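*Asks:* Note that this note's numbering gives residue 125 to position 130 of the sequence shown, counting from 1, and the numbers run on in steps of one. C-beta: ideal position from N, C-alpha, C; glycine also. Values in this document were obtained by computation on a predicted structure and should not be read as measured data.
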Amino acid sequence: GDHRDLPSFPTRRSSDLEVARQLRQAEQRMTERLQAQIDETRVALAAEEAELAEVRETMPVDELDRRIQDFDRRMRLARQITQERAASLQKGFQDARAAVVAGLPALIERLRQEVGADVILNADQVLAADPALDLTDRAVSLFDEAGPRPPIPDIDLTLPVRELVAPEADGG
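Take a look at the structure:
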């Protein structure tokens, strides 16, 4: 038979792609950095809470109330900031991965034309095939050469959360 008419069977594992690897590594670094900030903030706020419990009996009521209200405000603010940062991180990397996946069909079509195949199937969906027909390596190579390169999401984690929720300066 005419081998040109036989389907080719690449897997379409986007995780094999260089851009996917770069995105995974960047996401892991940023997630670890955010978690470290959350942990630092938790430790700092716990220490402050313990200090407030210690001075509860000796501090003037007005000052204690002011400090407790400020502490509660900062606890809520820390939670809000970390939730917003985590959501931005997740959405940024989801969008970047979606851009990578969106580039697959055009490149698979280009590969199909390049090798003269009638169809290209996902190897994960094929029960049996001649390994010589597997175009995975070429598909990955083509994508790494010509596929989309979405930027690494730019989530601002420069200012640690604990600094954003520092106590208010004493008013007196």
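Measuring alpha carbon to alpha carbon, tell me which of L152, V50, A97, R157 ends up nearest T205.
*Replies:* Since the first and last residues shown for the chain are -4 and 167, residue 205 lies out of range.
*Asks:* So for I150, helix, strand or coil by DSSP?
*Replies:* Coil, per DSSP.
*Asks:* Span of the alpha helix (DSSP H) holding M25?
*Replies:* Run containing M25: 13 to 50, per the alpha helix (DSSP H) assignment.
*Asks:* Distance check for R71 and L128, CA to CA, integer angstroms please.
*Replies:* The alpha-carbon atoms of L128 and R71 are separated by roughly 58 Å.
*Asks:* Considering only the alpha carbon of each residue, which of V56, N117, A73, G98 lies closest to D139?
*Replies:* Among V56, N117, A73, G98, the Cα nearest to that of D139 is on G98.
*Asks:* Please go through the same chain and pick out, in chain order, the residues whose beta-carbon is closer than 6 Å to the beta-carbon of I103, but skip the five residues on each side of it.
*Replies:* If we look at I103 and ignore the five residues flanking it on each side, its Cβ neighbours are I115.
*Asks:* Could you check the C-alpha separation between T77 and I150 for me, to the nearest Å?
*Replies:* Rounded to whole angstroms, T77 to I150 spans 12 Å at the Cα level.
*Asks:* Measuring straight from C-alpha to C-alpha, what distance separates A21 and T131?
*Replies:* So the two alpha carbons sit approximately 25 Å from each other.
*Asks:* Cutting at 6 Å between CB atoms, please list the residues of its own chain near R107, excluding the five before and the five after it.
*Replies:* For R107, where only same-chain residues beyond five positions count, the Cβ hits under 6 Å are I115.
*Asks:* Where does L59 sit, in a helix, a strand or coil, going by DSSP?
*Replies:* In the structure shown, L59 sits in a helix (DSSP, three-state: H, G or I).
*Asks:* For A81, collect the residues of the same chain with a Cβ closer than 8 Å to its Cβ; drop the 5 residues on either side in sequence, then sort them by chain order.
*Replies:* Correct list, in chain order: L29.
*Asks:* Report the rounded CA-to-CA distance for R16 versus P148, giving the unit in angstroms.
*Replies:* The straight-line gap from Cα to Cα measures roughly 14 Å.
*Asks:* Quick check: the Cα distance between R69 and R92, rounded to an integer number of angstroms?
*Replies:* Computed Cα separation, rounded: 34 Å.
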